[in-house]
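**Q**
In my numbering, the protein residues as written are 139 to 359.
1. Could you name the residues of the same chain whose beta carbon sits closer than 6 Å to that of residue 281, not counting the 5 residues immediately before and after it, in chain order?
2. Taking the straight line between their C-alpha atoms, what separation do you get for residue 305 and residue 327?
3. Given that a residue counts as buried once 16 or more other Cβ atoms are within 10 Å of its Cβ, and exposed if not, what is residue 200?
4. Tell me the residue span of the beta strand (DSSP E) that contains residue 279.
5. Please report the straight-line C-alpha distance between residue 193 and residue 180, rounded to a whole angstrom.
6. Output the boundary residues of the beta strand (DSSP E) element that contains residue 262.
7. Give a yes or no on whether the C-beta atoms belonging to residue 243 and residue 343 are separated by under 8 Å.
8. What are the partner residues of residue 303, as DSSP defines its beta bridges?
9. Do residue 298 and residue 355 have their beta-carbon atoms positioned less than 8 Å apart in this structure?
10. Quickly, what does DSSP pair residue 179 with across the bridge? List them, please.
11. Go through its chain and collect everything with a Cβ distance to residue 331's Cβ below 8 Å, but skip five positions before and after it.
12. For residue 297, name the three-state secondary structure that DSSP assigns.
13. Can you tell me where the beta strand (DSSP E) with residue 244 in it begins and where it stops?
14. In this structure, does DSSP put residue 220 in helix, strand or coil?
15. In the structure shown, what three-state DSSP assignment does residue 230 receive?
16. Anyone know if the C-beta pair for residue 329 and residue 274 falls short of 8 Å?
17. Indicate the three-state DSSP secondary structure (helix, strand or coil) for residue 140 in the structure shown.
18. My understanding is that residue 324 touches residue 278, with C-beta atoms under 8 Å, so please give their C-beta distance in whole angstroms.
19. Taking only three categories from DSSP, how would you classify residue 192?
20. Identify whether residue 203 lies in helix, strand or coil by the three-state DSSP scheme.
21. Which same chain residues, not among the five before or five after residue 302, have their C-beta less than 6 Å away from its C-beta?
22. Using DSSP with H/G/I as helix, E/B as strand and the rest coil, what is residue 359?
23. So residue 229 and residue 254 are in contact, right, with Cβ under 8 Å, and what is the actual spacing, rounded?
In structure tokens, the structure reads:
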């Protein structure tokens, strides 16, 4: 008969439902964005919105500029077609005066067409400049004489029997070691008619300085 060893008792496990279970962390909890992060997100959003708006605005201006340029070119072409080319108006400038002819005090001028002396659409005869058409003209003159004398800018017109005085001189002289020089400057705007004659006269005859005296006229409108 065999001898049996001690019997092994079965192990019993008792589960206590009252024991608290240790919960393992299931993962990281998400943090709520801070106020600073929200502010930065807002700034970035506003910046992107501003870029979009600016792009739209630039595109609008570009299209508007293109349309305006096209209309300007069309308008310029129409204006060029409608308006005639600007024409040069009657004018004259004479210099190099000589003594008045016998029996008259009208100053005589050298009628030489050059860069310094010219007549354009205007006749000159015996000291007289003849106006070609009605309009407003600027008249001017400078007379240099070794002695003082009265100087007048005169006008002859068919509307009056006698010449009309337009301007007269005021005395001006200077001394700089040379012989005394008397200079008279006259200038003004006048309404003239066709065939009017304008000229400069002296109060008495004398020899003038040839290179320092001149007369001129040009039409304004």
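Think of the CB as a built atom: it goes at the ideal place given N, C-alpha and C, for glycine as much as any other residue.
**A** A quick look at the data gives this:
1. Within the chain shown, numbered from 1, the residue matching residue 281 stands at position 143. Answer for residue 281: 289, 322 and 351, listed in chain order.
2. Your numbering for residue 305 matches position 167 in the chain shown. Your numbering for residue 327 matches position 189 in the chain shown. Rounded to whole angstroms, residue 305 to residue 327 spans 10 Å at the Cα level.
3. Within the chain shown, numbered from 1, the residue matching residue 200 stands at position 62. Result: exposed.
4. To locate residue 279, count along the chain shown from 1; it is residue 141. Residues 273 to 283.
5. Reading the chain shown from its first residue, position 55 is the one you call residue 193. Reading the chain shown from its first residue, position 42 is the one you call residue 180. In a straight line, the C-alpha of residue 193 is about 20 Å away from that of residue 180.
6. Indexing the chain shown from 1 puts residue 262 at position 124. Element bounds for residue 262: 261 to 263.
7. One-based indexing of the chain shown puts residue 243 at position 105. One-based indexing of the chain shown puts residue 343 at position 205. Taking 8 Å as the Cβ cut-off, residue 243 and residue 343 qualify as a contacting pair.
8. Here the question's residue 303 lines up with position 165 in the chain shown. 292.
9. Against the chain shown, residue 355 aligns to sequence position 217. Against the chain shown, residue 298 aligns to sequence position 160. Against a cut-off of 8 Å, the Cβ pair of residue 298 and residue 355 comes out as no contact.
10. On the chain shown, position 41 is the one that residue 179 refers to. Residue 179 pairs with nothing; no bridge assigned.
11. Here the question's residue 331 lines up with position 193 in the chain shown. Excluding positions up to five away in sequence, the list reads 269, 272, 295, 296 and 297.
12. For this step, residue 297 is matched to residue 159 along the chain shown. Coil, per DSSP.
13. Counting from 1 along the chain shown, the entry for residue 244 is found at position 106. Here residue 244 belongs to no beta strand (DSSP E), and DSSP marks it neither H nor E.
14. Here residue 220 refers to the residue found at position 82 of the chain shown. Low confidence applies to residue 220: its pLDDT is 46, below 50, so where it sits in the model is not reliable enough to give any reading.
15. The residue given as residue 230 occupies position 92 in the chain shown. Note: residue 230 maps to strand in three-state DSSP.
16. Locating residue 329 in the chain shown gives position 191, where the first residue counts as 1. Locating residue 274 in the chain shown gives position 136, where the first residue counts as 1. Yes; because the gap between Cβ atoms is below 8 Å, this pair is in contact.
17. Translated into positions along the chain shown, residue 140 becomes position 2. At residue 140, the pLDDT of 48 sits below 50, so the modelled position is not reliable; the number obtained from the coordinates is stated separately. Residue 140 falls in the coil class under three-state DSSP.
18. Looking up residue 324 in the chain shown gives position 186. Looking up residue 278 in the chain shown gives position 140. With a Cβ gap of about 7 Å, residue 324 and residue 278 count as contacting.
19. Translated into the one-based positions of the chain shown, residue 192 becomes position 54. Residue 192: helix per DSSP, three-state reduction.
20. Indexing the chain shown from 1 puts residue 203 at position 65. Helix.
21. Residue numbering aside, residue 302 sits at position 164 when the chain shown is read from its first letter. Contacts found: 293.
22. Position 221 of the chain shown holds residue 359. Coil at residue 359, not helix or strand.
23. Counting from 1 along the chain shown, the entry for residue 229 is found at position 91. Counting from 1 along the chain shown, the entry for residue 254 is found at position 116. With 8 Å as the limit, residue 229 and residue 254 do not qualify as a contact, their Cβ atoms being about 14 Å apart.
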